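>
Here you go:
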């Protein structure tokens, strides 16, 4: 598997690349967003580890450009900025995970493995709910010819809700199925991701709505 590392701190970039290489990954190291986009245009990567504070183009903007290009490649943002608003902004920009510096490289490895497990799990089919199609092979959501850009985690959460349409999915089930654990997870993360999905999925366009079942979880219901 190839991992793209985008880090402008030369020592941090070198150590990250070295550790990933020791774990058996092929790695490419760049120190800015423009070179990262060039690398992505030349080769296919399984995931990208992106520093937020990059020169010229922030990691937030790079994530957004990657998603705008139609790519569903997993993105993990690496940053010392740990404010809730920064995490929400990064996830809303298209990142799949957010790792706060300083971190142990074993945690980065665990986050990558969790992302790859989610990618490889679940049925490889096109599921239709309302007017929305969920393509599990391409990890893509669309209405007609219009692709709705979302992160892999947003897609996984929506697919879980769609697979149980009309029934309530508990927060615990969401954490276990989408995040892989209920431990060491921000208790508000499910609500944040439901909010992300609601912003992107207009019921009048997609033909369904995500309903809150207080104290339990969420339910996806088709609209008339």
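Numbering (full-length UniProt numbering), first residue to last: 1 to 224. For glycine and all other residues, C-beta sits at the position ideal for the given N, C-alpha and C. Please read all numbers here as calculations on a predicted model, not as lab measurements.
#1: Among 176, 168 and 166, which has the Cα closest to the Cα of residue 156?
#2: Do the region 70-81 and the region 93-110 make contact, defined as three or more Cβ pairs closer than 8 Å?
#3: CA-CA distance, residue 82 and residue 173?
#4: Could you tell me the boundaries of the beta strand (DSSP E) in which residue 140 lies?
#5: What's the call for residue 10, buried or exposed, on a 16-neighbour Cβ count within 10 Å?
#6: In terms of residue numbering, what span does the beta strand (DSSP E) encompassing residue 2 cover?
#7: Does the separation of the CB atoms of residue 127 and residue 159 fall below 8 Å?
#8: Does the region 107-121 come close enough to the region 182-202 that 3 or more CB-CB pairs lie under 8 Å?
#9: Which residues in the same chain have their Cβ closer than 8 Å to the Cβ of residue 142, if we skip the five residues on either side of it in sequence?
#10: How many Å lie between residue 54 and residue 6 at the Cα?
#11: Using only the alpha-carbon positions, how far apart do residue 89 and residue 195 sit?
#12: What does the alpha-carbon distance come out to for the pair residue 44 and residue 215?
#13: Residue 36 by DSSP, collapsed to three states: which one?
#14: What three-state label does DSSP hand residue 206 in the structure shown?
#15: Just verifying my parser: in three-state terms, what is the DSSP assignment at residue 84?
#16: Label residue 15 either buried or exposed according to how many other C-beta atoms from any shown protein chain fall within 10 Å of its C-beta, with 16 as the threshold for buried.
#17: Can you list, in chain order, the residues of its chain with a C-beta nearer than 6 Å to that of residue 130? Leave out the 5 residues immediately preceding and following it.
#18: If we ignore side chains and look at the alpha-carbon of each, how far apart do residue 58 and residue 68 end up?
#19: DSSP three-state label for residue 157, please.
Let me spell this out:
#1: For the purposes of this step, residue 156 is taken as residue 156 along the chain shown, with counting starting at 1. With distances taken between Cα atoms, residue 156 lies closest to 176.
#2: Yes, the region 70-81 is in contact with the region 93-110.
#3: Sequence index remark: in the chain shown, residue 82 carries index 82 (1-based). Sequence index remark: in the chain shown, residue 173 carries index 173 (1-based). If you take the alpha carbons of residue 82 and residue 173, they lie about 26 Å apart.
#4: Along the chain shown, one-based indexing puts residue 140 at 140. Following the DSSP letters along the chain, one finds residue 140 inside the beta strand (DSSP E) bounded by residues 140-143.
#5: Counting from one through the chain shown, the residue named residue 10 turns up at place 10. By the C-beta density criterion, residue 10 is exposed, having fewer than 16 other C-beta atoms within 10 angstroms.
#6: Position 2 of the chain shown, counted from the first residue, corresponds to residue 2. Counted as a single uninterrupted DSSP element, the beta strand (DSSP E) harbouring residue 2 occupies residues 2-6.
#7: Reading the chain shown from its first residue, position 127 is the one you call residue 127. Reading the chain shown from its first residue, position 159 is the one you call residue 159. Against a cut-off of 8 Å, the Cβ pair of residue 159 and residue 127 comes out as a contact.
#8: Contact fails: fewer than three Cβ-Cβ distances are below 8 Å.
#9: Numbered from its first residue, the chain shown carries residue 142 at position 142. Annotation for residue 142: 132, 133, 135 and 148 place their beta carbon closer than 8 Å to its own, counting only its chain and skipping 5 residues before and after.
#10: By one-based count along the chain shown, residue 54 stands at place 54. By one-based count along the chain shown, residue 6 stands at place 6. Rounded to whole angstroms, the separation of the alpha carbons of residue 6 and residue 54 is 8 Å.
#11: Working through the chain shown from its first residue, we reach residue 89 at position 89. Working through the chain shown from its first residue, we reach residue 195 at position 195. About 12 Å.
#12: Along the chain shown, read from residue 1 onward, the residue named residue 44 stands at position 44. Along the chain shown, read from residue 1 onward, the residue named residue 215 stands at position 215. About 42 Å.
#13: Along the chain shown, one-based indexing puts residue 36 at 36. Helix.
#14: Working through the chain shown from its first residue, we reach residue 206 at position 206. Three-state DSSP puts residue 206 in a helix.
#15: Counted from its first residue, the chain shown places residue 84 at position 84. Residue 84 sits in a helix when the DSSP states are folded into three classes.
#16: Translated into the one-based positions of the chain shown, residue 15 becomes position 15. By the neighbour-count rule (16 or more Cβ atoms within 10 Å), residue 15 is not buried but exposed.
#17: For the purposes of this step, residue 130 is taken as residue 130 along the chain shown, with counting starting at 1. If we look at residue 130 and ignore the five residues flanking it on each side, its Cβ neighbours are 206, 207, 208 and 222.
#18: Residue mapping note: residue 58 aligns to position 58 of the chain shown, counting from 1. Residue mapping note: residue 68 aligns to position 68 of the chain shown, counting from 1. Those two C-alpha atoms are separated by around 15 Å.
#19: Against the chain shown, residue 157 aligns to sequence position 157. It is helical.
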